[in-house]
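Chains as they are written, first to last, in the working numbering: chain A, 1 to 373; chain B, 1001 to 1373; chain C, 2001 to 2396; chain D, 3001 to 3396.
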Amino acid sequence: MDFGLTEEQEQLRESARHFLASECPAQKMREIAADAPGLSPELERKMAQLGWPGLIVPEQFGGAGLGMLDMAVLLEECGYAAMPGPFLFSAAIAAYALAAGGGDEIKTRWLRALAAGDATGAVAIVEANDGLAPSDFAVSARTAPAGAVINGVKMFVPYAQSASFFIVAARTGAGARDVELFVVPANAAGVKIRPLKALDLTRRLALVEFDGVLAPPEAQLRGGADLYERVLGAGAIAISADSIGGAQRVLDMAVEYAKVREQFGKPIGSFQAIKHAAAEIVADLEPARALVWYAAYAFDALPREAARAAAMAKARACEVYSRAAGKAVLMHGGIGFTWEHDIHFWFKRARLNESLFGAPPYHRERVAALGGY
Amino acid sequence: MDFGLTEEQEQLRESARHFLASECPAQKMREIAADAPGLSPELERKMAQLGWPGLIVPEQFGGAGLGMLDMAVLLEECGYAAMPGPFLFSAAIAAYALAAGGGDEIKTRWLRALAAGDATGAVAIVEANDGLAPSDFAVSARTAPAGAVINGVKMFVPYAQSASFFIVAARTGAGARDVELFVVPANAAGVKIRPLKALDLTRRLALVEFDGVLAPPEAQLRGGADLYERVLGAGAIAISADSIGGAQRVLDMAVEYAKVREQFGKPIGSFQAIKHAAAEIVADLEPARALVWYAAYAFDALPREAARAAAMAKARACEVYSRAAGKAVLMHGGIGFTWEHDIHFWFKRARLNESLFGAPPYHRERVAALGGY
Amino acid sequence: MDLNYTPEEEAFRRQVRNWLDENIPTSGLRGFDRNADRDKSTLEKMKIWQRRVHQAGYLALSWPKEYGGQAMDPVRQSIVNEEMVRTRAPALIGAMGISMVGPTLITWGNDEQKARYLPKILTAEEIWCQGYSEPGSGSDLASLRTRAEIVGDEFVVNGQKVWTSNAHFADMMFCLVRTDPDAPKHRGISYILIDMKSPGITVKPLVQMTGDRGFNEVFFDNVRVPRRNLVGKLNEGWMVANATLFHERNMLGSTTTTQMLFNRLKALAAATMRGGRPLTHDPVFRQRLADLEIRVEAMKYHMLRQLTDSIRGRNPGLGAWANKLVGTELNHDLAAAAMEAMGDYALLARDDGHAMDRGFWPYEWMFTLGLVIGGGTSHIQKNIIAERGLKLPKSR
Amino acid sequence: MDLNYTPEEEAFRRQVRNWLDENIPTSGLRGFDRNADRDKSTLEKMKIWQRRVHQAGYLALSWPKEYGGQAMDPVRQSIVNEEMVRTRAPALIGAMGISMVGPTLITWGNDEQKARYLPKILTAEEIWCQGYSEPGSGSDLASLRTRAEIVGDEFVVNGQKVWTSNAHFADMMFCLVRTDPDAPKHRGISYILIDMKSPGITVKPLVQMTGDRGFNEVFFDNVRVPRRNLVGKLNEGWMVANATLFHERNMLGSTTTTQMLFNRLKALAAATMRGGRPLTHDPVFRQRLADLEIRVEAMKYHMLRQLTDSIRGRNPGLGAWANKLVGTELNHDLAAAAMEAMGDYALLARDDGHAMDRGFWPYEWMFTLGLVIGGGTSHIQKNIIAERGLKLPKSR
């Protein structure tokens, strides 16, 4: 019985926090956010040097072979920094999908490149109707002599613009479980990317059109609906970890501000209303962090509980983040509503986290269904 | 355009508040609550002298011929005092049912007696399955030569023990609107009353069994499902008005306490947490009061909006009351949890108000359905 | 209680509505224009619009006739307000003058000041901004430090204001300045009127989290203001300002806007499919919608009750202290519900082509949060309710 | 992270469970016994039960062996706690001694005190109550005024305590008294042990809103207490008490109880029909249930994390300050959800024959509110989190 981080995980956390504090402080985050691609090649390169993209990639493909809990620890720090870039989507979700469902050829081609920092993957799931169930998909994969032919439009694809390849969820029949994941190079014939303007300035979103894109047999990941569910789980956990980190940051910002800002002749942190708002964030955040750790641990170690744990984490963590961000903005008063102050980046990122990979009511319903209510 | 009380209504309110402060202060309320019947014959007699039981009874049957808004104003004060007794159920709901649906014989016999304070009526609606829809009822009225024969068991009937007669909702067929209201004297053959122990000590509840009770034709109120809906509306408004008064009282108690109780060398009312809790009650309560007034006004003046307005009032007012009572108990700290302090009477009454005549989720669904969502 | 309007009032409403239908500019300007980042030509159009409303007799209905008002009762004022919102008439560019400094001058100003300023407020010849908040005094307004020294017939003003909406195009500012630094903080403040073209004034934009310019910082460097621009008595500006703050509280509590927001949210939910059915049929979202509608309706009657008090010439009582808190939080909750309704579409910025409801909601969601904060955050509002409304002891 | 138990721990758990299955009294006593209004014979049965648990070696697992403990690690303690709740074993009548004064004596007591008191805590020969709160000092505990003057070899105690659970049958009280009225309020307090049979003590019951007697007022009229009953140093009782308060915070945060409450709520909802289907299939109530389960699970792992910290000998950190707040509010929310689930059945008192779930919930609903209030209301808990956890400035 041990519910805690290992020494290595603690070190990972410490070093990530230090690295991001120096390489991606708020000022740098703002610069990256203001730049069209929404990522810093320099920062990406440095992360690659640290081996972050390959964190959960098996060692035989150049990764560190670690697990989802390690990734969650790292993503918590990325969320703390509101780090822009494709990292979460590529290193946690696409990497998982490839590692879990890819054959040797795919792994050798894409997973190795991803781990080395030479490629990023983007996951293309929801469409115009915004549903996560395979039956919601219009994007289809039709069997053809040379593989599968993919047609349709995916929406809200994070960092499609800079991706080297996509993991595309496509429908292969009318059944509820007729879904397959395909690996499609970004430069494949028939792929068109149209950027969307995102509210969260630390993320890039796009619409991706697949117009008769041919996916050869090896590009189809093994696992079908089961793999698809697992990939959603990985996404839920990754966003949850980012949310915990973000909630911690807005709390830290608000507490810091409350200690120095004075009104009525004393620091506003001495007023109960401010104190209680901060305390409520703590009371929300600390148990939610444990829940996210549990979900990440269960993802690898307790497969039968993993889906439900991920749904729980996602339902809770992103709600906690949004609520914390709202409270933290209010604790700042007027300055918190300005562009000049950094907090709005987290405030908007919290909103994106809330809906990406399923909003809280969706996940609560899943918790009920998977729990046999 | 005038959204306010008339001078007469203001006077009614003032005189009710003064009357209840002197005739039903907390100490008296506790005595009545501790007494098995849960009512004070003396207090009932004095109210009758003031004409309260006949407030909405037409003048030709000995009443004052006033409307639901007047009644709401009065019930707000009764809620403020947490006045025990059948008044709300008899004078607001049963009286309305008789006045709206009774023939001359019924009115002459029961409505006149009710207005004079010589009889009280109890409404018997829900049953063991706790539903408000006619299709939920097992209590049936079968046509017989001499009238209707009523069979079945009603639950949670307020002040059945002391009632002179019941207004019973009975099913007359399989359809969703096959419901009729009957007036059944408490001493009719086949009526059995079994007291239930209520959490709210200021109210009495009972189970009422109707075992082949014969209701002559004149005992059937005119109006069927429409009248039944109106009676539910009257109930919703009456409970809402009581709730607003109760919420005002717990606020007043908490504010009073916060001004005198000292901790850390100053009145606890100078701490923001206490202030903000009180302010939140005000912010909930004041708009809710306007909503209840509106619903009561609409009940008589705007029949097409009346049902929806009553559902809105009930959904909001009783939630506001419960929340206010919970906050007020916390504002009192330990003393608020004792039997010795009066506040628990309101706290428990709020809970009864929340569920009687339909809990907030039920009424919100009604608001949506009636609003054509 | 009687929620009917008199036949005369109904006729007046029809007349207003007809006038609006015929006169609302069809191009560009439209209600729910939350964007304060106005260019010159928009500004000019908005002034023209206000002038036309004024000429039609629909502006400042409750002001005395001698100052360009109509001396009508508050019911007609509320009818005009309702119809303006309902028809999505363009915002009144001079709102701050009309609702805040105008009524203050009517109460506290001398005859010369009334004659000089009131007409131009109505004709939009002079647009006003408010100089209250300072960097060091947000919630604690009375701790303001902008200094005005009397030198001869002038005040010489030095200091800084912040969160000043519209300062970048305003002609005049009503401003609180410290005229006696040695007096207790509420006692040394004066209320003066400053010409924004005076030498020594610098206006710097403050961009909001929405990305729009709305607020400004205003710097005063030896700005000279004639003594005749003092409103009320010297060092008694706090009292004068409190009257204005009360007007502000009422202005922010407009409920027609809230009703419009709810209707828009309901339409959005009806048009949004989730799990194969409109979101309005989703039992969970229905509960939320119904709860919001109930709160919107409660607020509507809450404000009608105060309108009635005002018609009857009575103090509106405890409830009025809660208007700003309840109204702004409700508006923000409506926007937050819309954000939830939109699912991933909530992630799109206002100007994305795929945005739902023409990108209205994400902006509104932030803007309404700004209103929760501005003019005293909810924390401050709760203090006000508790201290002024419930007479709980102060804890400064 | 490894949520598996070692084979030894699993074996230990089986052994505990088997022992409980065989030894839990089948009559009367049962877990979830919130009623503190115990008669003599119940009391006697409860003492016998605790003695049996002690003899079996399942009491005070983390205490050193020399004082009757088992010197086991916190995992085994948590296994025993979990199994006790899961099998609905009767409450331990000496819990306050075991969890609060015992650990305090182990840390601060002298050898004589340890030898004298600890064994009898475990054997339930001496039942303890806590003398902290006073009528004038609820949240502000350190302002207590019960006076203890040193006269010869004795303290002479005068004053009053309140909210004293179990005082009507306790043998001993651990008590905070003021021994130096001139020192700053935290500096003049001592921690002493008082024999409840001492002349001059009067215990008066305080009935709870549930109708049960649980608390008491305790009056001291020249009560003589030997000086050797002082724990720690004179005037340093505040430090001693703080250790105990920390134990209290942990005791109140037990999560197995919370999990049991959730399971009971879920079973209630599954058994309750509404609109022709079980309430667990109602989409709105499902959301609420799922949200509660998520919070219950989060709390479970939150406590496991602290358990791990304690195994590793590390400070549990910021999160532990939130245990009382989160745990008690969650329990109350679970009970409130059950009340809603029951509809009109929630209106029935515990002892009505028609009450659902044997009348468990209405009582639990009130009792858990009492736990939100007791030991520092949520207001106080938030101050503690902010001031001790986040180091925000005090505002006394």
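For glycine and all other residues, C-beta sits at the position ideal for the given N, C-alpha and C.
DSSP state of residue i mapped onto helix, strand, coil
i, result
"S2125 (chain C)", "Correcting the residue identity first, residue 2125 (chain C) is Glu in this sequence and not Ser. If DSSP states are grouped into helix, strand and coil, E2125 (chain C) belongs with coil."
"G3359 (chain D)", "helix"
"G121 (chain A)", "strand"
"G2097 (chain C)", "helix"
"M3342 (chain D)", "helix"
"G3068 (chain D)", "coil"
"G3253 (chain D)", "Low per-residue confidence applies at G3253 (chain D): pLDDT is 43, beneath 50, and the placement is therefore not dependable enough to give any value."
"P2316 (chain C)", "coil"
Residue from the options whose Cα sits closest to the Cα of residue i
i, options, result
"L1356 (chain B)", "B:F1337, B:G1372, B:G1326 and B:S1322", "B:S1322"
"R1171 (chain B)", "B:F1156, B:I1125, B:M1155 and B:V1191", "B:I1125"
"T3123 (chain D)", "D:E3044, D:L3234, D:A3335 and D:M3260", "D:E3044"
"A1116 (chain B)", "B:L1370, B:R1177, B:G1054 and B:V1157", "B:G1054"
"L3176 (chain D)", "D:L3289, D:A3335, D:T3006 and D:Q3130", "D:Q3130"
"T143 (chain A)", "A:V179, A:L132 and A:G269", "A:V179"
"D1130 (chain B)", "B:L1207, B:P1145, B:E1059 and B:A1095", "B:L1207"
"G2374 (chain C)", "A:C24, A:G334 and A:V139", "A:G334"
"G3136 (chain D)", "B:P1361, B:H1332, B:I1167 and B:G1358", "B:H1332"
Boundaries of the beta strand (DSSP E) in which residue i is found, first to last residue
i, result
"Y1096 (chain B)", "That residue, Y1096 (chain B), is in no beta strand (DSSP E); its alpha helix (DSSP H) goes A1095 to G1101."
"Q3160 (chain D)", "E3154 to K3161"
"E3149 (chain D)", "R3147 to V3151"
"S140 (chain A)", "S140 to A144"
"A1169 (chain B)", "F1165 to R1171"
"R1194 (chain B)", "V1191 to L1196"
"R2228 (chain C)", "Run containing R2228 (chain C): none; DSSP gives neither H nor E here."
Residue i and residue j closer than 7 Å at C-beta
i, j, result
"W2108 (chain C)", "V2231 (chain C)", "yes"
"K1107 (chain B)", "F1061 (chain B)", "yes"
"S1068 (chain B)", "A1296 (chain B)", "For the sequence presented, residue 1068 (chain B) should be read as Met rather than Ser. For M1068 (chain B) and A1296 (chain B), yes; Cβs fall inside 7 Å."
"G121 (chain A)", "S90 (chain A)", "yes"
"G1235 (chain B)", "I1093 (chain B)", "yes"
"A141 (chain A)", "G246 (chain A)", "no"
CB contact below 7 Å: residue i versus chain C
i, result
"Q3287 (chain D)", "yes"
"P3007 (chain D)", "no"
"M1001 (chain B)", "yes"
Residue i at chain A interface by Cβ criterion, 7 Å
i, result
"G3253 (chain D)", "Confidence in G3253 (chain D) is poor, its pLDDT being 43 and thus under 50, which makes the residue's placement unreliable; the coordinate value appears in the next sentence. So, not an interface residue."
"A1186 (chain B)", "no"
"A1163 (chain B)", "no"
"V3284 (chain D)", "no"
Residue interval of the alpha helix (DSSP H) (run including residue i)
i, result
"A1348 (chain B)", "The sequence given here has Lys at residue 1348 (chain B), not Ala. Unbroken alpha helix (DSSP H) run through K1348 (chain B): I1343 to S1355."
"R13 (chain A)", "E7 to E23"
"D3309 (chain D)", "P3283 to I3311"
"L69 (chain A)", "M68 to A81"
Minimum Cβ-Cβ distance from residue i to chain B less than 7 Å
i, result
"Q263 (chain A)", "no"
"S3062 (chain D)", "no"
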